[in-house]
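Worksheet for the structure shown next.
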Amino acid sequence: MDLDKLQTHRTIKFFTIISLVIYSLLFLISLLLSIFLGNSYFSPLTNYISELSLLQHTPFPYLYDFACIISGSLTIPITFYIKKTTLHKKNIQNLSSKQYSTLSLLAYLGFISGLLGDIGFVGVGIFSLQRNILGIHYIFAYLLFGGYTFTALIVGFIILLYQTELSPLMGLSGVLYPLIIFLIFIIVLIFAPSFLILYEWIVSLSLTAWLFIFTIYFVYSDALYKP
Numbered sequence: 000m001d002l003d004k005l006q007t008h009r010t011i012k013f014f015t016i017i018s019l020v021i022y023s024l025l026f027l028i029s030l031l032l033s034i035f036l037g038n039s040y041f042s043p044l045t046n047y048i049s050e051l052s053l054l055q056h057t058p059f060p061y062l063y064d065f066a067c068i069i070s071g072s073l074t075i076p077i078t079f080y081i082k083k084t085t086l087h088k089k090n091i092q093n094l095s096s097k098q099y100s101t102l103s104l105l106a107y108l109g110f111i112s113g114l115l116g117d118i119g120f121v122g123v124g125i126f127s128l129q130r131n132i133l134g135i136h137y138i139f140a141y142l143l144f145g146g147y148t149f150t151a152l153i154v155g156f157i158i159l160l161y162q163t164e165l166s167p168l169m170g171l172s173g174v175l176y177p178l179i180i181f182l183i184f185i186i187v188l189i190f191a192p193s194f195l196i197l198y199e200w201i202v203s204l205s206l207t208a209w210l211f212i213f214t215i216y217f218v219y220s221d222a223l224y225k226p
């Protein structure tokens, strides 16, 4: 397979929309099925997101697994494309050698963390709680949240530091988001541990929303040259 064909602007635009639609649709269907047709009570107040894949909560446990596997797989070429575009010569021609070196470091750190997040995304679907061999589901879950959160932070710094044509608000939100969710986690853990499950839902959905919004904005905007 020619990997370059998977990283054309047209292909990446297609992957972005398909990934968003598939994940959103299957997630919503899984949630509704778990709430209304599940074998036991299910609520975001008492059950973690990963429990959407448990047979005891839904008659179709594989729907959410497919959402993670398909969307996670489609985001892998998107991650490669964002790194390639960020460091494309037409987007860095006004940078000094020192600025370029720093940008390259940040871009590769963001690329690695994004790729780890993608792998975690696929992994939590393959090794769902229903197939949680030796606790491997939790390892992929940590990769997913850790990788994508660090990616948001790196992307935010790149947007703010290099005065790209991308929205400064997007950059600021990328920097502040990891700090805010960490602060809230400490507060919830100390003062209201019973809300940790709801916290996971809020963090997961807000992080997913931010990443999808950034990806759509990055891919569809005319702010940067798209190879």
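Just so you know, the sequence shown maps onto residues 0 to 226 in numbering that gives the first Met the number 0.
For glycine and all other residues, C-beta sits at the position ideal for the given N, C-alpha and C.
Straight-line gap, residue i to residue j (C-alpha atoms, nearest Å)
i    : j    : result
T101 : G173 : 18 angstroms
S23  : L160 : 32 angstroms
T7   : K83  : 11 angstroms
F110 : V154 : 10 angstroms
G235 : A106 : The chain is shown from 0 up to 226; residue 235 falls before or after that span and cannot be answered.
L195 : I183 : 10 angstroms
L53  : P60  : 6 angstroms
D117 : L133 : 21 angstroms
A66  : I179 : 27 angstroms
P167 : I28  : 35 angstroms
Which of helix, strand or coil DSSP assigns to residue i
i    : result
S220 : coil
L115 : helix
G37  : coil
F211 : helix
Y161 : coil
H56  : coil
R9   : helix
Proximity of residue i and residue j at Cβ, strictly below 8 angstroms
i    : j    : result
L112 : T150 : Per the sequence presented here, residue 112 reads as Ser, with Leu not at that position. Yes, the Cβ-Cβ distance between S112 and T150 is below 8 angstroms.
L197 : L31  : no
E50  : L142 : no
L108 : G146 : no
Cutoff 6 angstroms; reference residue i; Cβ partners in own chain excluding five residues on either side
i   : result
I21 : I69, S70
T57 : L32, S33, G37
Cut-off 7 angstroms between Cβ atoms - residues of its own chain near residue i, not counting five sequence neighbours on either side
i    : result
F139 : G119, G122, V123, F126
F79  : Q6
W200 : P43, I48
I81  : F217
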